[in-house]
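Below is one structure; the comments refer to it alone.
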Amino acid sequence: APIAMTTPLSTPRPIGPASAIRAKTNSIGLIRQIARSAATSIRLIAAAGYGHPSQIMEEIARLTPTFAGVTYDKLDAEGSI
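Start counting the sequence shown at 31; every next residue gets the next number (our numbering).
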């Protein structure tokens, strides 16, 4: 028989073999999507000829007024904008 699991803000839900397999399958699918997206990003960056992430930030700051003045070094030092 499935075991019921609860969390403070949820109703009990059965945890059995089918739901465990479904959860793992969904996780694997998500990981694949992230990996494909990362690979595509890396290929696009390589094709654009950027030698360093700072060059990408320079282009973003140059083309996007809301990022004017934002630099790679500033992001690195402050952690965010």
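From the three backbone atoms N, C-alpha and C, an ideal C-beta is built for every residue, glycine too.
Between the CA atoms of residue j and residue i - distance to the nearest angstrom
i: S57; j: I64; result: 11 Å
i: D106; j: L60; result: 28 Å
i: S71; j: I90; result: 15 Å
i: Q85; j: A68; result: 18 Å
i: T96; j: S110; result: 14 Å
i: A78; j: R92; result: 16 Å
i: T94; j: R62; result: 31 Å
i: R73; j: Y80; result: 11 Å
i: R66; j: A98; result: 31 Å
Residue from the options whose Cα sits closest to the Cα of residue i
i: V21; options: P83, M87, L74; result: What the structure shows of the chain is the stretch from 31 to 111, and residue 21 is not part of that stretch, so it cannot be assessed.
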